[in-house]
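As structure tokens, the structure follows; a few thoughts come after it.
In structure tokens form, the structure reads like this:
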């Protein structure tokens with residue numbers, strides 16, 4: 006579970022700020038550390054906030070846990086399916102013999118004139 010921890014730390018100088026950041030980054034599960042004014046913002050996965058605060062008290066000085074919140078991952082919104090436009094069916098013209106096109110919905114059967122030669126020589 007991702008967490009965001011805000012710890013108020015007494016930071017007087019640059020050396021204290023660097024020391025506080027080093028202590029925070031050495032904790033298990035820490036991904037990012039930022040200093041905002043006199044607060045240390047730590048985010049990561051499964052961080053022991055009480056242990057981190059105690060460690061900061063020992064190494065840096067005054068440290069108080071201000072906030073501990075769970076950060077939810079932003080889940081991408083499911084892509085909306087494009088509305089499928091119905092395929093326009095092309096009307097099948099009546100054939101002289103028979104018609105069985107894939108787009109036709111009907112089968113046309115016509116009488117074959119006796120004097121007309123077949124179009125397909127394989128049949």
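Residue numbers (the working numbering): 6 to 128.
Quick reminder that beta carbons are idealized off the backbone N, C-alpha and C, glycines included.
Per the C-alpha coordinates, the member of 8, 12, 80 positioned closest to residue 67 is 12. C-alpha of residue 35 to C-alpha of residue 22: approximately 17 angstroms in a straight line. Residue 16 sits close to residue 43, with the two beta carbons spaced by under 8 angstroms. Assignment of residue 13 by DSSP, reduced to helix, strand and coil, places it in the strand class. Taking 8 angstroms as the cut-off, the Cβ atoms of residue 60 and residue 28 count as close.
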